[in-house]
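Protein chains: 2
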Amino acid sequence: MKLVEQSCSEFTSLLSSKAAVPGGGGAAALVGGLGTALAGMVCNLTVGKKKYQQVEEEVKAILTKAEQIQKELLDMVDEDAEHFLPLSKAYGMPSNTEEEKKEKERVLEIALKQACEVPIRIVKTCYEAIKLHEELVDKGSKLAISDVGVGVQCLRAALVSGQLNVMINIGMIKDEDYVQRVKAETEKLVQEGTKIADEVYQKVEKVLYV
Amino acid sequence: MKLVEQSCSEFTSLLSSKAAVPGGGGAAALVGGLGTALAGMVCNLTVGKKKYQQVEEEVKAILTKAEQIQKELLDMVDEDAEHFLPLSKAYGMPSNTEEEKKEKERVLEIALKQACEVPIRIVKTCYEAIKLHEELVDKGSKLAISDVGVGVQCLRAALVSGQLNVMINIGMIKDEDYVQRVKAETEKLVQEGTKIADEVYQKVEKVLYV
Numbered sequence: 036m037k038l039v040e041q042s043c044s045e046f047t048s049l050l051s052s053k054a055a056v057p058g059g060g061g062a063a064a065l066v067g068g069l070g071t072a073l074a075g076m077v078c079n080l081t082v083g084k085k086k087y088q089q090v091e092e093e094v095k096a097i098l099t100k101a102e103q104i105q106k107e108l109l110d111m112v113d114e115d116a117e118h119f120l121p122l123s124k125a126y127g128m129p130s131n132t133e134e135e136k137k138e139k140e141r142v143l144e145i146a147l148k149q150a151c152e153v154p155i156r157i158v159k160t161c162y163e164a165i166k167l168h169e170e171l172v173d174k175g176s177k178l179a180i181s182d183v184g185v186g187v188q189c190l191r192a193a194l195v196s197g198q199l200n201v202m203i204n205i206g207m208i209k210d211e212d213y214v215q216r217v218k219a220e221t222e223k224l225v226q227e228g229t230k231i232a233d234e235v236y237q238k239v240e241k242v243l244y245v
Numbered sequence: 036m037k038l039v040e041q042s043c044s045e046f047t048s049l050l051s052s053k054a055a056v057p058g059g060g061g062a063a064a065l066v067g068g069l070g071t072a073l074a075g076m077v078c079n080l081t082v083g084k085k086k087y088q089q090v091e092e093e094v095k096a097i098l099t100k101a102e103q104i105q106k107e108l109l110d111m112v113d114e115d116a117e118h119f120l121p122l123s124k125a126y127g128m129p130s131n132t133e134e135e136k137k138e139k140e141r142v143l144e145i146a147l148k149q150a151c152e153v154p155i156r157i158v159k160t161c162y163e164a165i166k167l168h169e170e171l172v173d174k175g176s177k178l179a180i181s182d183v184g185v186g187v188q189c190l191r192a193a194l195v196s197g198q199l200n201v202m203i204n205i206g207m208i209k210d211e212d213y214v215q216r217v218k219a220e221t222e223k224l225v226q227e228g229t230k231i232a233d234e235v236y237q238k239v240e241k242v243l244y245v
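Protein sequences appear in the order of chains X and B.
Using my numbering, you'd call the opening residue of the first sequence number 36 and step up by one each time.
Using my numbering, you'd call the opening residue of the second sequence number 36 and step up by one each time.
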């Protein structure tokens, strides 16, 4: 059974166990999915309301993007697990002879890059989802303003968590060009994304803390 | 069917819809539960390992606390939904006559306080769970250090989100004593909790960004 088809309760139990999957990567993808779903919810509570007629088309466009990103992030919960298993196998390879060592190193390098792939995508998609909340904090129904705040906080956590999962794998990759390229790319998105998320959150606070 | 018994995929879909529940409060409780589960996972990957024999008893004690908090937070997903429904009913009460207005005000005040109850507990328990990660970042298996980072980020998001859900309800409560007391109590935990979470995260970063 797919991990995302497990009940919330069962997924949480599996996460807390020492089972290889789900791990931090899968949790990040799910939390990102929840943060994106809150963007969708704010859109759904805004569309059709007279007060927000002027922004209706824009909010509908945000909803379409949110639905797409939510699907991608939920898919990543299982994709991350699938990519982790070859890595866990590679770690278990023998390394008694020089030949075995070389082969293990070769397979490990491939598996590590593969294990980075989903976390990199988590960073990219959470960044995109944060930008949706950036629009919604101004355009969405004020009745759901706290949900924009919760959503952007979840996505901020998922963005940073994706990056942590990139970093833990990247530390052992030998291909320095790859390492530098991925680091630069994800760090930039994390820096910008957390900055935008904090600004959105401050706007929410300003409305709620009157 | 209880919300936490829904599949992750179905819960996320429900969240994104305009259905009254789950909302931001339920999402916060679930994300807190996931962050706590990661504390449990780190404990489970540490206990029984020779390298960490010296801290084994302490880590076992953390695990017991994490399991308890995880259960509490997952229960809050449904409790928050149950407490939201009377509020949503109260909003719908008629207010045509002076008598109706008074009665609506009375019922609304009770329902608003009730709707604050779970978010207040989310703040308290997430604060406690952040303290578990504070211990684990030093005592837990270094192989799972990124999971401490992800866990503490999820809990930071859930803590702040709990507070947002307190604030959106509190804004309409007339009982000024109650408002001031709850505000002071939760704000203190949010300030301290986010500070600790950020320190834990920085420790994780230091290990991963060598």
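From the three backbone atoms N, C-alpha and C, an ideal C-beta is built for every residue, glycine too.
{"Item": "X:G176 (DSSP reduced to helix, strand or coil)", "Value": "Sequence inspection shows Ser at residue 176 of chain X; the Gly mentioned does not correspond to that position. In this structure, X:S176 counts as coil in the three-state DSSP scheme."}
{"Item": "7 angstroms Cβ shell around B:Y236 - same chain, five flanking residues per side excluded", "Value": "G184, V187 and Q188"}
{"Item": "In DSSP terms, what B:S196 is bridged to", "Value": "Partner(s): none; B:S196 has no beta bridge."}
{"Item": "Rounded C-alpha distance that separates B:V225 from X:K139", "Value": "47 angstroms"}
{"Item": "Chain B within 8 angstroms of X:S130, Cβ atoms only", "Value": "no"}
{"Item": "B:P129 classed as buried or exposed, judged by whether at least 16 other C-beta atoms fall within 10 angstroms", "Value": "exposed"}
{"Item": "Reduced DSSP category for B:S52 - H, G, I as helix; E, B as strand; rest coil", "Value": "coil"}
{"Item": "Beta-carbon proximity of B:S196 to B:T81, cut-off 8 angstroms", "Value": "no"}
{"Item": "Beta-bridge partners of X:S42, as assigned by DSSP", "Value": "B:S42"}
{"Item": "C-alpha distance - B:K209 paired with B:E169, whole-angstrom precision", "Value": "38 angstroms"}
{"Item": "Counted within 10 angstroms of its Cβ, other Cβ atoms place B:I35 as buried (16 or more) or exposed", "Value": "Residue 35 of chain B falls outside the range modelled here, since chain B spans only 36 to 245, and no answer is possible."}
{"Item": "Rounded separation between X:L243 and X:A63 - CA only", "Value": "27 angstroms"}
{"Item": "For X:M202, the three-state DSSP class (helix, strand or coil)", "Value": "helix"}
{"Item": "Contact set between X:F46 and chain B, taken where Cβ atoms lie within less than 7 angstroms", "Value": "C43"}
{"Item": "The region 48-58 of chain B touching the region 141-158 of chain B, judged by at least three CB pairs closer than 8 angstroms", "Value": "no"}
{"Item": "Under 8 angstroms between C-beta atoms of X:L199 and B:V239", "Value": "yes"}
{"Item": "Beta-carbon gap between B:G60 and B:V142 smaller than 8 angstroms", "Value": "no"}
{"Item": "Cβ of X:Q88 within 8 angstroms of any chain B Cβ", "Value": "no"}
{"Item": "Chain B contact for X:E117 (CB, 8 angstroms cutoff)", "Value": "no"}
{"Item": "Close-in-space but distant-in-sequence residues of the same chain around B:A164 (CB under 6 angstroms, 5 per side omitted)", "Value": "T71, I104 and L190"}
{"Item": "Assumed close pair B:L98, B:G75 - CB separation to whole angstroms, cut-off 8 angstroms", "Value": "6 angstroms"}
{"Item": "Cβ neighbours of B:L38 in the same chain (closer than 8 angstroms, five flanking residues each side left out)", "Value": "F46, L49, V56, P57, G61, V112, D113 and A116"}
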